[in-house]
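Engineer: Each residue of the sequence shown is one higher than the one before, starting from 470 at the first, in this note's numbering.
For every residue, glycine included, the Cβ atom is placed at its ideal position computed from N, Cα and C.
Fair warning: this is a prediction, and the values are worked out from it, not measured in the lab.
Can you keep this structure in mind? I'll have questions shortly.
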Amino acid sequence: MRPVLIAAFAALFAASSVPTNAAGSQAVGRWSIVQRTDDQSRVQLRFEYNESSDRGNWNSSWSSSVPLAEAGIPAERLRGPIAPVTFTIAREPGAFACTGSAGENSGAGQFTYAPSSRFDDALAARGLSRPDARQSLQLAIAGVTLAFVDQLRSSSRSAKLDDLLRVVQHGVGPRYVSDLAALGYKVSSLDELVRLRDHGVSADYIRAVQGAGFRNLSADDLVRLRDHGVSERFITEMRAAGYANATPEQYVSARDHGVTPRFITDMAAAGYKNLPLDELIALRDHGVSVAFVDRLKAHGYTNLSVRDLIRLRDSGI
């Protein structure tokens, strides 16, 4: 299960709120942890935070799969009997002091977040503004590191704190960028990173597409495939149906026109094997179904060409 951005630090109006402390430098919220059943080395970590102000309430909720070692809670405490627990989740922008209860592979409670002045100083040294308490919390929840900041600034030297916040609000974090780079996608602009993430082009999706035979696709190609519903399963089944050499654009066209692997298999069973994709698309566009072919056969019309099938269908037969 890839990381899931539940709500990207959105400004919402909510009924409940959790205040900051009197100094305004610490924030209080809720945490929860659940052991992953498919990977004992990882947990699903969730943060929830609400803040009241004279402009309304700011509400965010974030959940991600993280290594257990980064979650702060000892493995034996998470997997043992349910009992009170206290631990710290330390990240570069600040630390989450967590209290609550945990055991039997899950836990929940309250956190108090304190920003790191050292991290704020490091941002200032790089020409970025110092984050306020809310901004620091956003950066910490997203797992932002100075290495990540430097990586983003290598793509855009003019990047400011607002740019950093924008990319993390869209679900672009250190892991996403490093995963893309490992797959050969060193994205050169912040806007392109946000676009990829917004369109659902995850590292898992790229791996799936590459595993199905498409490599060296551009970022635009990936977005187009994803937007048109060309999934790993679709590609794999189309290849198995005999269309391994089709281009990404042909797969998009087939998907858009309803030419599914099932349609191809059914038409092959009806005697129309190994048709070019453009002929399959034409059949689908004109409403030629296997049931239609079977009706024609029942009336003695056999071994018809694709053109004949379309002509008969268009004539209302």
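Quick one: measure Cβ to Cβ for A591 and L630, integer angstroms, because I've assumed they're closer than 8 Å.
Structural biologist: No, A591 and L630 are not in contact; Cβ-Cβ is about 12 Å, not under 8 Å.
Engineer: Look at the alpha carbon of D660 and the alpha carbon of S521, and state the distance between them as a whole number of angstroms.
Structural biologist: Spanning the two alpha carbons is a distance of roughly 31 Å.
Engineer: So what does DSSP say about L514, is it helix, strand or coil?
Structural biologist: Here L514 sits in strand by DSSP.
Engineer: Less than 8 Å between the beta carbons of A571 and I558, yes or no?
Structural biologist: It is not a contact, given that the beta carbons lie outside the stated cut-off.
Engineer: Are there 16 or more other CB atoms within 10 angstroms of the CB of G653, so buried, or fewer, so exposed?
Structural biologist: The residue in question, G653, is exposed, as its Cβ has fewer than 16 Cβ neighbours within 10 Å.
Engineer: Measuring only the C-alpha atoms, how far is K655 from V762?
Structural biologist: About 50 Å.
Engineer: Ignore the nearest five residues each way along the sequence and tell me which others in A628's own chain have a CB closer than 7 Å to its CB.
Structural biologist: Same-chain partners within the cutoff: L621, R622, L659.
Engineer: What's the call for R666, buried or exposed, on a 16-neighbour Cβ count within 10 Å?
Structural biologist: Looking at its Cβ environment, which holds 16 or more other Cβ atoms inside 10 Å, R666 is buried.
Engineer: Going along the chain, which residues of its own chain have a beta-carbon closer than 7 Å to the beta-carbon of Q509, five neighbours each way excluded?
Structural biologist: Excluding sequence neighbours, Q509 sits near nothing in its chain.
Engineer: Going by beta carbon distance, what residues of the same chain come within less than 8 Å of I779, once the five residues before and after it are set aside?
Structural biologist: So the list reads A751, L752, H755, V757, once near-sequence residues are dropped.
Engineer: Roughly how many angstroms separate the alpha carbons of A593 and R599, rounded to a whole number?
Structural biologist: So the alpha carbons of these two residues sit roughly 6 Å apart.
Engineer: CB R695 to CB H668, shorter than 8 Å?
Structural biologist: Going by C-beta atoms, R695 is nearer than 8 Å to H668.
Engineer: Using CA coordinates, which residue listed in N685, H697, P562 is at the minimum distance from R603?
Structural biologist: Of the listed residues, the one whose Cα sits closest to R603 is P562.
Engineer: Under a three-way DSSP split, which group does A616 fall into?
Structural biologist: DSSP places A616 in helix when its eight states are reduced to three.
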